[in-house]
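Trainee: What follows is a single structure, and I will ask about it in a moment.
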Amino acid sequence: MTFGAAEEAEEWFAGPSPVVKNITLLIASLRDIQERGVPQLPTEAFARPDGQVVAPVFPVDGFDGLLFQGFTAEVWMQPEVRLEALSENQASFYRQKSPKGKLALVLGAGNVSSIGPMDALYKLFVEGQVVLLKMNPVNEYLGPLIDEMFEPLRERGFFRVVYGGAAEGDYLCLHDLVEDIHVTGSDKTHDAIVFGVGEEGARRKAADDARNSRRLTCELGNVSPIIIVPGPWSQKDLDFHGVNVASTVVNNAGFNCTATRVLVQHQQWDRRDALLDSLRRAFEKAADRKPYYPGAKERQQMFVEHHPDAELFGAKGEGQVPWTLMHHLDPRRADDICFNTESWCGQTSEVALPASSIVEYIDAAVEFCNERVWGTLSCSIIVHPKSLKDPAVAEAVERAIANLRYGAIAVNHWSGLVYGLATPTWGAFPGHERKDIRSGRGVVHNTFMFDRPQKSVLRGPFRVFPRPAWFVDNDKALSVGPKLTYFNADPSLARLPGLIWASMFG
10 MTFGAAEEAE EWFAGPSPVV KNITLLIASL RDIQERGVPQ LPTEAFARPD GQVVAPVFPV
70 DGFDGLLFQG FTAEVWMQPE VRLEALSENQ ASFYRQKSPK GKLALVLGAG NVSSIGPMDA
130 LYKLFVEGQV VLLKMNPVNE YLGPLIDEMF EPLRERGFFR VVYGGAAEGD YLCLHDLVED
190 IHVTGSDKTH DAIVFGVGEE GARRKAADDA RNSRRLTCEL GNVSPIIIVP GPWSQKDLDF
250 HGVNVASTVV NNAGFNCTAT RVLVQHQQWD RRDALLDSLR RAFEKAADRK PYYPGAKERQ
310 QMFVEHHPDA ELFGAKGEGQ VPWTLMHHLD PRRADDICFN TESWCGQTSE VALPASSIVE
370 YIDAAVEFCN ERVWGTLSCS IIVHPKSLKD PAVAEAVERA IANLRYGAIA VNHWSGLVYG
430 LATPTWGAFP GHERKDIRSG RGVVHNTFMF DRPQKSVLRG PFRVFPRPAW FVDNDKALSV
490 GPKLTYFNAD PSLARLPGLI WASMFG
């Protein structure tokens, strides 16, 4: 596969950069455990007015604060966790006197190169299990590189990379030595592992009769929404966030579970169509991407068949998948494919909700995302700072963050950032039963090793300078990617000037 500059930059940001960041953070947490019993938070945890415990996890240090000015991230705990007992809900594996060893099977994802290694790191160093990582056939070419990266663990018998398709995966899932399974895939993959396939699998699922009762954690995708809070947006604001939203779709050719699939707007907002125009311009300027994931063209065509008035941008030739936008959808149509099916290609949609006020709209948008949009993995909400000066709107936004049933919530930015920081948790909102698994169960990353997290919340400025490196129109991204990766591996003042220079001047 050949890459252009944008694709190559994305490979740095989604591949080695978060992996080495994850390793650096785990080393710090393990040192904390050795010296103080549990990983130490960067600032004190606190309880919200309703008693829910919140742990700040980003910025971790001054470097984070400098490189991501105005960004913060928190992990919100499940309701039963008490503030005074938070440390008792961290790093439970390391509190065991005689922990029992386990073999975990990690079924790697085919879309993002960091997923398999980071899932393996979580099993190894947070849950204390040895790991058998089976590569996905789509990106199995990465296997030898991952094997080399984990060589010290492989030599000691803690880690192995293996290959194969569905048959080999099924064999491993049922192997007597495998006690734990973690998979990144789809809910159909989960059901095949737990219940089987075909008529027997359907019968077992209906009866909740698992053929595989091993502990299984999983991240299974999402129809990811972005809620737009109406406000006094200028044309520059509209252009910035048009690119912001488009970048979440274009990144990795749309093969991300965090890609925006539903843009939620207020029907009465006078800038609604202007934001759509900015999104169109961003798609028009975006370079075509190779639809490398099997079935992408067929999935895109299926969505267009349901919405023949969809707008297409970019390449439309044989084997190409144009950027695809469905808009002005009917929010009353619960069966709309855009609301209940993850397209897994460069597709997104827009829907507007009627409401008599902004506050009423925000509450309605939360209910719509929770009840109508499939999945509970990640979502975003974008709000102008002037809007937050209205106490009622500010309260409604905070209420939205609290009430959204998603494992990752980003304010003003792409929820994919929650994935890349490594300190927040990454996984579905808790509570799914295996008969209706949706976005999955359990978390990964979570370098502060919380045992009972509920969700992670990232907040960032409404607009950012310099241009975010993950924006599709950032022509400096390829200069930033390698420098950020090496900085994450060895943060130092000596590496900082080059990284800042690259982000501003290329």
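To convert, note that position 54 of the sequence shown is 63 in the numbering used here; the numbers rise steadily by one, no gaps.
Ideal Cβ placement from N, Cα and C applies to all residues, glycine included.
None of the values given here were measured: they were computed from a predicted structure.
Give the range of the beta strand (DSSP E) segment to which F67 is assigned.
Mentor: V62 to F67
Trainee: For S358, which residues does DSSP report across the bridge?
Mentor: V271 and M335
Trainee: What whole-angstrom Cβ distance do L362 and V273 have, given they're in contact under 8 angstroms?
Mentor: Confirmed, about 7 angstroms.
Trainee: Going straight from the alpha carbon of L141 to that of D217, what length do you get?
Mentor: 28 angstroms
Trainee: For P239 and W278, what's the separation of their Cα atoms in angstroms?
Mentor: 6 angstroms
Trainee: Going by DSSP, what residue range makes up the alpha helix (DSSP H) through R472?
Mentor: No alpha helix (DSSP H) contains R472, which DSSP labels as neither H nor E.
Trainee: Around the C-beta of T52, are 16 or more other C-beta atoms found within 10 angstroms, so that it is buried, or is it exposed?
Mentor: Its Cβ having fewer than 16 others within 10 Å, T52 is exposed.
Trainee: Look at the alpha carbon of Q309 and the alpha carbon of S358, and state the distance between them as a whole number of angstroms.
Mentor: Whole-angstrom Cα-Cα distance: 12 angstroms.
Trainee: How big is the Cα-Cα spacing for A255 and D185?
Mentor: About 46 angstroms.
Trainee: Is the stretch 28-42 touching the stretch 117-127, taking contact as three or more C-beta pairs under 8 angstroms?
Mentor: Result yes; three or more Cβ-Cβ pairs closer than 8 angstroms.
Trainee: Hey, how far is the Cα of V252 from the Cα of G207?
Mentor: 42 angstroms
Trainee: Would you decide whether Q99 is buried or exposed? Buried here means 16 or more other CB atoms lie within 10 Å of its CB.
Mentor: buried
Trainee: For the candidate residues K485, I446 and K299, whose alpha-carbon lies nearest to that of W383?
Mentor: I446
Trainee: Taking the beta carbon of P58 as the centre, do at least 16 other beta carbons fall within 10 Å, making it buried, or is it exposed?
Mentor: exposed
Trainee: Applying the criterion that 16 or more other CB atoms from any shown protein chain within 10 Å of the CB defines a buried residue, is M513 buried or exposed?
Mentor: exposed
Trainee: The beta strand (DSSP E) spanning S233 covers which residue range?
Mentor: Note, S233: beta strand (DSSP E), S233 to I237.
Trainee: So within the stretch 411-461, which uninterrupted alpha helix (DSSP H) runs reach at least 4 residues, ignoring any that extend past its ends?
Mentor: Counting only runs of 4 or more, we get 425-430.
Trainee: Which residue from D297, A37, A296 and G60 puts its Cα closest to that of Q49?
Mentor: A37
Trainee: Evaluate the contact criterion for the stretch 164-178 versus the stretch 130-141: three or more CB pairs, one atom per stretch, below 8 angstroms.
Mentor: A contact between stretches requires three or more CB pairs, one per stretch, nearer than 8 angstroms, and the stretch 164-178 meets this requirement with the stretch 130-141.
Trainee: Give me the DSSP bridge partner(s) of W383.
Mentor: Answer is none; W383 lacks a bridge partner.
Trainee: As a quick exercise: from P506, F480 and F77, pick the residue whose alpha carbon is nearest that of L288.
Mentor: F480
Trainee: Thinking just about the alpha-carbon of each residue, which of P491, R476, E314 and L467 is nearest to the one in P65?
Mentor: L467
Trainee: Cα-Cα, which of A401, W423 and A374 is closest to R414?
Mentor: A374
Trainee: Would you say V232 and F348 are within 8 angstroms of each other, going by their C-beta atoms?
Mentor: Remark: C-beta atoms of V232 and F348 approach each other more closely than 8 angstroms.
Trainee: Taking the beta strand (DSSP E) that K143 belongs to, which residues open and close that run?
Mentor: Residues V139 to K143.
Trainee: Can you look up T494 in the DSSP assignment and give me helix, strand or coil?
Mentor: helix
Trainee: Hey, how far is the Cα of D156 from the Cα of R163?
Mentor: 8 angstroms
Trainee: At the level of alpha carbons, what is the spacing between R224 and T385?
Mentor: 20 angstroms
Trainee: For L247, which residues from the same chain have a beta carbon less than 6 angstroms from its beta carbon, with the 5 sequence-adjacent residues on both sides left out?
Mentor: A283, L284 and S287
Trainee: Can you tell me whether G178 is buried or exposed? The criterion is at least 16 other CB atoms within 10 Å of its CB, across all chains shown.
Mentor: buried
Trainee: For A503, which residues from the same chain have a beta carbon less than 6 angstroms from its beta carbon, with the 5 sequence-adjacent residues on both sides left out?
Mentor: none
Trainee: Would you kindly report the start and end of the unbroken beta strand (DSSP E) that includes F322?
Mentor: E320 to F322
Trainee: Work out the CA separation of H422 and F471 for me, nearest whole Å.
Mentor: 8 angstroms
Trainee: Tell me the rounded alpha-carbon separation between G152 and S101.
Mentor: 31 angstroms
Trainee: List the residues that DSSP assigns as beta-bridge partners of M311.
Mentor: According to DSSP, which records beta bridges pairwise, M311 is partnered with nothing at all.
Trainee: Buried or exposed: where does Q463 fall if 16 or more other Cβ atoms within 10 Å of its Cβ makes it buried?
Mentor: buried
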